[in-house]
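Student: Next up is a structure, given as structure tokens.
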Amino acid sequence: MSTTAAPTDNGREIPGIAAFARTATRLHPRSGAPTARDSHIGGPLWWPADEPWPHCDGRLPTSSGKPQEGWTAEHEVDGPIALVGAAQLFRRDFPDLPFPEGTDVLQVFLCPNEHDGAGYYGPAAHLVWRASAEVTEVAGPPPQPASIGGEFVPRPCVFRPCQVVEYPALDELPDEIKLTLSFVDRAGFVDDDYEGWPEVIQGSKVGGWAFWWQSSPWQLDCRDCGAGLRLLLSLHTYEHSDELCSCEQGQKDPAGWEFGRQGALNIFTCPEDSTHSFKLHID
Ligand SMILES: [Zn+2]
Ligand SMILES: [Zn+2]
Ligand SMILES: [Zn+2]
0 MSTTAAPTDN GREIPGIAAF ARTATRLHPR SGAPTARDSH IGGPLWWPAD
50 EPWPHCDGRL PTSSGKPQEG WTAEHEVDGP IALVGAAQLF RRDFPDLPFP
100 EGTDVLQVFL CPNEHDGAGY YGPAAHLVWR ASAEVTEVAG PPPQPASIGG
150 EFVPRPCVFR PCQVVEYPAL DELPDEIKLT LSFVDRAGFV DDDYEGWPEV
200 IQGSKVGGWA FWWQSSPWQL DCRDCGAGLR LLLSLHTYEH SDELCSCEQG
250 QKDPAGWEFG RQGALNIFTC PEDSTHSFKL HID
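In numbering that gives the first Met the number 0, the protein residues as written are 0 to 282.
If you want it as structure tokens, here you go:
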């Protein structure tokens, strides 16, 4: 793992900052031909032949089947629309994912249509946490969604994961810490010429911290239990080149999808129970 030094306040240790270190697993997706047994973006899913393929009826589906508070996001439908298999992540490749007991693969679906909700414009998502051993017969090719733009439909990619320790953007630090920093004023504004804070990865990753660009963190509380939501998965339009790990940087847009204005689709889940309502955010 790349070792990332904890940020300091001009060399002075920041009390409490260690609790904010999180390991991010970069996916480093690149074009490939994954199978249903692989972790991937946009490849075939380890989906049982006897289970119906998930569809969108126009309402935003969530992992728990309950719509998010304030989200009445809908799109017009002529009938149920087949979801697109966006990503599949096996526990053996991503042991840091918060798998509910007994499960070992996360399957992420996106509705290929844009949903228009409270402060959110993008694809609806559906998460399935599955026990892979319970699949005895794998389904054939999935139904093709009709009448869509290709914006949220990925090309098949394989991963070359690596791990990096991340710290939150200054916006996401609690005031108890942020307001003690010498380069932050009492109102919380950061000195214009301050550049010392560690960067957050702008690329597809599991865990770590979200990159906030056009928006700030808000309403990141679980609506089922109130716990602070954590970044589960970030799916990015572009894999930005950087020096946050020492890997060879691959193609810039291997998956070919676009979220918002060349941003990331961030999926936040509850640390107490991964099957509680999740939250989507595009930035
Ligand atoms: Zn939909
Ligand atoms: Zn919860
Ligand atoms: Zn890397």
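The beta carbon of each residue, even a glycine, is placed where N, CA and C say it ideally should be.
#1: Does the distance from the CB of Tyr193 to the CB of Phe19 come in under 9 Å?
#2: How big is the Cα-Cα spacing for Pro51 and Gln87?
#3: Please report the distance separating the alpha-carbon of Val152 from that of Gly255.
#4: Do you know how far the Cα of Asp49 is from the Cα of Arg159?
#5: Does the Cβ of Glu271 lie closer than 8 Å to at least one heavy atom of ligand 2?
#6: Per the DSSP calculation, Trp128 is bridged to which residue(s)?
#7: DSSP three-state label for Lys204, please.
#8: Roughly how many angstroms lie between the CA atoms of Pro28 and Pro253, to the nearest whole one?
#9: Is it buried or exposed for Lys278, if we count other Cβ within 10 angstroms and need 16 for buried?
#10: Are the CB atoms of Arg222 and His275 nearer to each other than 9 Å?
#11: Helix, strand or coil: how does DSSP classify Ser276 here?
#12: What is the rounded straight-line gap between the Cα of Val76 and the Cα of Asp56?
#13: DSSP state of Glu113, grouped into three classes?
#14: Taking the DSSP output, what are the residues bridged to Tyr119?
#15: Which stretch, first to last residue, makes up the beta strand (DSSP E) that contains Ile266?
#16: Apart from the five residues on each side of it in sequence, which residues of its chain come closer than 7 Å, Cβ to Cβ, to Gly81?
#17: For Lys177, which residues in the same chain have their Cβ closer than 8 Å to its Cβ, ignoring the five residues on either side in sequence?
#18: Name all residues in chain order for which at least one heavy atom of ligand 3 lies closer than 6 Å to the residue's CB.
#19: Would you kindly work out how many angstroms separate the C-alpha atoms of Lys65 and Glu198, rounded to a whole number?
#20: Would you say the beta carbon of His114 comes nearer than 8 Å to a heavy atom of ligand 1?
#21: Where does Asp49 sit, in a helix, a strand or coil, going by DSSP?
#22: Here's a check: name, in chain order, each residue in its chain whose Cβ is nearer than 7 Å to the Cβ of Ile266, leaving out the five neighbours to either side.
#23: Distance check for Arg11 and Thr61, CA to CA, integer angstroms please.
#24: Please report how far the alpha carbon of Gln248 lies from the alpha carbon of Pro216, in whole angstroms.
#25: Within the stretch 136–188, note down every full beta strand (DSSP E) run reaching 3 residues or more, in order along the chain.
#26: Within a Cβ cutoff of 7 Å, which residues of the same chain sit near Trp45, ignoring the five residues on either side of it in sequence?
Tutor: Put simply:
#1: Along the sequence shown, one-based indexing puts residue 193 at 194. Along the sequence shown, one-based indexing puts residue 19 at 20. At a Cβ-Cβ threshold of 9 Å, Tyr193 and Phe19 do not count as neighbours.
#2: Mapped onto the sequence shown, residue 51 falls at position 52. Mapped onto the sequence shown, residue 87 falls at position 88. Computed Cα separation, rounded: 17 Å.
#3: On the sequence shown, residue 152 is found 153 positions in, with the first residue counted as 1. On the sequence shown, residue 255 is found 256 positions in, with the first residue counted as 1. Their Cα atoms are separated by approximately 8 Å.
#4: As a position in the sequence shown, residue 159 is number 160, starting the count at 1. As a position in the sequence shown, residue 49 is number 50, starting the count at 1. So the alpha carbons of these two residues sit roughly 32 Å apart.
#5: Here residue 271 refers to the residue found at position 272 when the sequence shown is read from its first residue. Answer for Glu271: yes, Cβ within range of ligand 2.
#6: Residue numbering aside, residue 128 sits at position 129 when the sequence shown is read from its first letter. The partner list for Trp128 (beta bridge, DSSP) reads Leu105.
#7: As a working note, residue 204 is residue 205 in the sequence shown. In the structure shown, Lys204 sits in a strand (DSSP, three-state: E or B).
#8: Residue 28 sits at position 29 when you count from the first residue of the sequence shown. Residue 253 sits at position 254 when you count from the first residue of the sequence shown. Put simply, the backbone Cα of Pro28 is about 7 Å away from that of Pro253.
#9: As a working mapping, residue 278 is identified with position 279 in the sequence shown. Here Lys278 is buried: its Cβ has 16 or more other Cβ atoms, across all protein chains shown, within 10 Å.
#10: The residue labelled residue 222 in the question sits at position 223 within the sequence shown. The residue labelled residue 275 in the question sits at position 276 within the sequence shown. Yes, the Cβ-Cβ distance between Arg222 and His275 is below 9 Å.
#11: Position 277 of the sequence shown, counting from 1, holds the residue named residue 276. Shown here, Ser276 sits in coil according to DSSP, grouped into three states, outside any helix or strand.
#12: For this step, residue 76 is matched to residue 77 along the sequence shown. For this step, residue 56 is matched to residue 57 along the sequence shown. Going from the Cα of Val76 to the Cα of Asp56 covers about 7 Å.
#13: For this step, residue 113 is matched to residue 114 along the sequence shown. If DSSP states are grouped into helix, strand and coil, Glu113 belongs with the strands.
#14: Counted from its first residue, the sequence shown places residue 119 at position 120. Answer by DSSP bridge pairing, in chain order: Gly116.
#15: Counted from its first residue, the sequence shown places residue 266 at position 267. Its beta strand (DSSP E) spans residues Ala263 to Thr268.
#16: Counting from 1 along the sequence shown, the entry for residue 81 is found at position 82. Here the sequence assigns Ala to residue 81, which means Gly is not the residue at that position. Cβ neighbours of Ala81 within its own chain (closer than 7 Å, five residues either side excluded): Trp52, His54, Pro141, Pro142, Gln143 and Pro144.
#17: Position 178 of the sequence shown, counted from the first residue, corresponds to residue 177. The residues are Leu169, Val183 and Gly187.
#18: The set, ordered by position in the chain, is Arg25, His27, Cys161, Cys244 and Cys246.
#19: Taking the first residue of the sequence shown as 1, we reach residue 65 at position 66. Taking the first residue of the sequence shown as 1, we reach residue 198 at position 199. Because the pLDDT at Lys65 is just 49, under 50, the model does not fix this residue reliably, and the value given afterwards should be weighed accordingly. In this structure, the CA atom of Lys65 is about 35 Å from the CA atom of Glu198.
#20: Locating residue 114 in the sequence shown gives position 115, counting from the first residue. Within the cutoff, so yes.
#21: As a position in the sequence shown, residue 49 is number 50, starting the count at 1. In the three-state scheme derived from DSSP, where H, G and I count as helix and E and B as strand, Asp49 is classed as coil.
#22: Taking the sequence shown and counting its residues from 1, one reaches residue 266 at position 267. Result list for Ile266: Ala124, Leu231, Leu232, Phe277 and Leu279, in chain order.
#23: Here residue 61 is taken as the residue at index 62 of the sequence shown, counted from 1. Here residue 11 is taken as the residue at index 12 of the sequence shown, counted from 1. Bear in mind that a pLDDT of 43 at Thr61, under 50, signals an unreliable position, so the model cannot answer this.
#24: Your numbering for residue 248 matches position 249 in the sequence shown. Your numbering for residue 216 matches position 217 in the sequence shown. Counting only the Cα atoms, Pro216 lies some 28 Å from Gln248.
#25: Complete beta strand (DSSP E) runs here, min 3: 161–165.
#26: In the sequence shown, counting from the first residue as 1, residue 45 sits at position 46. Excluding positions up to five away in sequence, the list reads Ala35, Arg36, Gln87, Val104, Ser131, Val134 and Val137.
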